[in-house]
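Numbering (the numbering used here), first residue to last: 84 to 536.
Beta carbons: idealized from backbone N, C-alpha and C, even for Gly.
Accompanying notes for the structure given below.
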Ligand code: ZN
Ligand code: ZN
């Protein structure tokens with residue numbers, strides 16, 4: 084099937100992986116030529132330390148809202164280097180503060196949760212963890228979105244910034260955030276007083292591992308970066324009966340089929356074609372037997388856009404189309420469909436242009452301009468968006484840190500391999516260069532945004 088980065092990655096042994104973090108040994112151990120990286124003199128011990136930490140996070144993934152051990156470890160690491168650490172902020176949230184004279188406050192955020200995915204990378208350090216989900220089923224758990232990279236990079240940056248305390252001035256607020264994948268962690272932390280009980284940031288910055296950019300690089304988009312996300316649950320009611328007597332029923336499966344098709348016209352016919360928008364019916368369930376017309380059909384939708392106006396329009400149109408279809412079928416007024424927009428709405432992520440452009444220049448200096456890549460916004464969602472959604476609109480930006488083995492990346496450009504996406508059981512960032520670049524970028528951002536007066 085796919086000749087992915089796992090192929091080269093699976094050649095890793097734990098010791099090989101350690102060697103991969105030594106800049107001089109990178110080429111040999113990865114069996115892939117990394118992008119040229121600048122010398123990390125004196126970082127060898129530190130790189131080993133971070134690698135071990137990464138392996139811990141990778142092998143101990145926890146589902147959303149259950150990140151107790153990850154949170155404990157993040158807290159312990161930050162406390163050990165001298166940060167003032169608070170735990171249990173909005174559930175499993177961790178907040179670490181380092182006050183270093185007068186100056187601006189910078190928030191750096193790492194999310195901590197993993198996904199119900201059975202890891203299939205073939206890596207020697209692959210996760211074997213299983214857990215019970217909310218429905219009580221046993222599921223495999225994997226850091227398939229790279230949040231293990233995020234936690235490790237945050238700790239790496241925290242350690243380096245503490246060691247280089249003389250080179251900056253101001254306050255660092257480091258956030259270990261739970262429950263990004265189900266979108267609720269950022270909201271819970273803000274509700275628990277992140278901006279009241281702790282220094283309120285002047286800037287908020289985060290990174291996210293990229294499954295489509297080479298390790299050694301970072302990627303950015305200015306303005307819209309990720310979409311808003313709404314989940315909509317629909318119950319379409321019918322009048323059940325025998326499959327042989329459809330004229331005595333109202334068939335909710337036929338109604339649901341009409342609704343699914345009619346929903347496609349919202350994006351294609353109602354929204355300005357220049358505006359990105361997605362409506363996906365991701366789940367549809369109804370009926371139990373071939374000769375029974377059921378009483379109801381349930382559907383679950385994901386609804387995404389960049390613009391709040393488009394979002395409003397889509398939600399209104401969904402309601403109108405669903406209700407209209409039921410009316411057209413002659414359903415009585417007391418059996419109209421139920422349309423529920425779940426309240427865990429994630430706003431779209433907006434990379435504040437001034438801050439983002441500024442950091443692009445900073446990253447260029449730290450990593451080399453050819454390792455800082457412009458990229459398109461995506462329709463995935465991120466609750467990092469919430470950190471900037473205050474009345475005074477705190478400038479915030481999230482950038483991608485490339486996680487793909489550069490040699491595999493080159494192959495993908497030639498169409499020889501398909502890169503596994505985020506959330507795939509095969510997603511396997513190359514830890515050493517990904518972490519090195521992530522730490523470097525976070526440190527560069529902090530040193531620049533918190534200058535010595
Ligand atoms: Zn994810
Ligand atoms: Zn993620």
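Applying the 10 Å Cβ sphere with the 16-neighbour rule, what's the burial state of residue i?
i: residue 401; result: buried
i: residue 512; result: buried
i: residue 192; result: buried
i: residue 133; result: buried
i: residue 296; result: buried
i: residue 136; result: buried
i: residue 128; result: exposed
i: residue 112; result: With a pLDDT of 38 at residue 112, under the threshold of 50, the modelled position of that residue is not reliable, and no figure is offered here.
i: residue 333; result: buried
i: residue 374; result: exposed
i: residue 141; result: buried
i: residue 116; result: With a pLDDT of only 43 at residue 116, under 50, the local geometry of the prediction cannot be trusted, and the value read off the model is given with reservation. Residue 116 is exposed by the Cβ-count criterion.
i: residue 220; result: exposed
i: residue 235; result: buried
i: residue 106; result: The predicted model places residue 106 with a pLDDT of 38, which falls under 50 and marks its position as unreliable, so this point remains unresolved.
i: residue 308; result: buried
i: residue 356; result: exposed
i: residue 535; result: exposed
Hey, residue i and residue j: beta-carbon distance below 8 Å or not?
i: residue 241; j: residue 189; result: no
i: residue 508; j: residue 202; result: yes
i: residue 478; j: residue 533; result: no
i: residue 464; j: residue 311; result: yes
i: residue 550; j: residue 335; result: This structure cannot speak to residue 550, because the chain is shown only from 84 to 536.
i: residue 411; j: residue 319; result: no
i: residue 317; j: residue 405; result: yes
i: residue 257; j: residue 389; result: no
i: residue 481; j: residue 291; result: yes
i: residue 64; j: residue 270; result: Outside the shown range of the chain (84 to 536) lies residue 64, about which nothing can therefore be said.
i: residue 262; j: residue 268; result: yes
i: residue 348; j: residue 365; result: no
i: residue 484; j: residue 447; result: no
i: residue 225; j: residue 198; result: yes
i: residue 526; j: residue 243; result: yes
i: residue 28; j: residue 272; result: Since the first residue shown for the chain is 84 and the last is 536, residue 28 is missing from the structure and cannot be characterised.
i: residue 302; j: residue 458; result: yes
i: residue 450; j: residue 294; result: no
i: residue 362; j: residue 324; result: no
According to DSSP, is residue i helix, strand or coil?
i: residue 401; result: helix
i: residue 372; result: coil
i: residue 305; result: coil
i: residue 277; result: helix
i: residue 242; result: helix
i: residue 467; result: helix
i: residue 268; result: helix
i: residue 84; result: Low confidence applies to residue 84: its pLDDT is 36, below 50, so where it sits in the model is not reliable, and the reading given next is rough at best. Of the three classes helix, strand and coil, the one that applies to residue 84 here is coil, per DSSP.
i: residue 139; result: helix
i: residue 354; result: coil
i: residue 285; result: coil
i: residue 225; result: strand
i: residue 297; result: strand
i: residue 504; result: coil
i: residue 480; result: strand
i: residue 387; result: strand
i: residue 440; result: helix
i: residue 334; result: coil
i: residue 486; result: strand
i: residue 169; result: strand
i: residue 423; result: strand
i: residue 519; result: helix
i: residue 260; result: strand
i: residue 195; result: coil
Is residue i close to ligand 2? I mean its beta-carbon at under 7 Å from any heavy atom of the ligand.
i: residue 296; result: no
i: residue 334; result: no
i: residue 291; result: yes
i: residue 395; result: no
i: residue 230; result: yes
i: residue 194; result: yes
Within 7 Å: the Cβ of residue i and any heavy atom of ligand 1?
i: residue 202; result: no
i: residue 257; result: no
i: residue 505; result: yes
i: residue 160; result: no
i: residue 264; result: yes
Sorry if obvious, but does the Cβ on residue i come closer than 7 Å to a heavy atom of ligand 4?
i: residue 141; result: This structure lacks ligand 4; its bound ligands are ligand 1 and ligand 2.
Does any CB atom of chain C fall closer than 8 Å to the CB of residue i?
i: residue 181; result: Checking the listed chains, one finds no chain C in this structure; it contains a single protein chain.
query: Are at least three pairs of beta-carbons, each pair with one atom in the region 178-192 and one in the region 247-254, less than 8 Å apart?
result: yes
task: For the region 325-340 and the region 228-235, state whether three or more C-beta atom pairs, one from each stretch, are separated by less than 8 Å.
output: no
message: Quick test of the definition: if touching needs 3 or more C-beta pairs under 8 Å, does the region 456-475 touch the region 515-534?
response: no
message: I'd like to know if the region 207-223 and the region 270-283 are in contact, where contact means that at least 3 CB-CB pairs between them fall below 8 Å.
response: no
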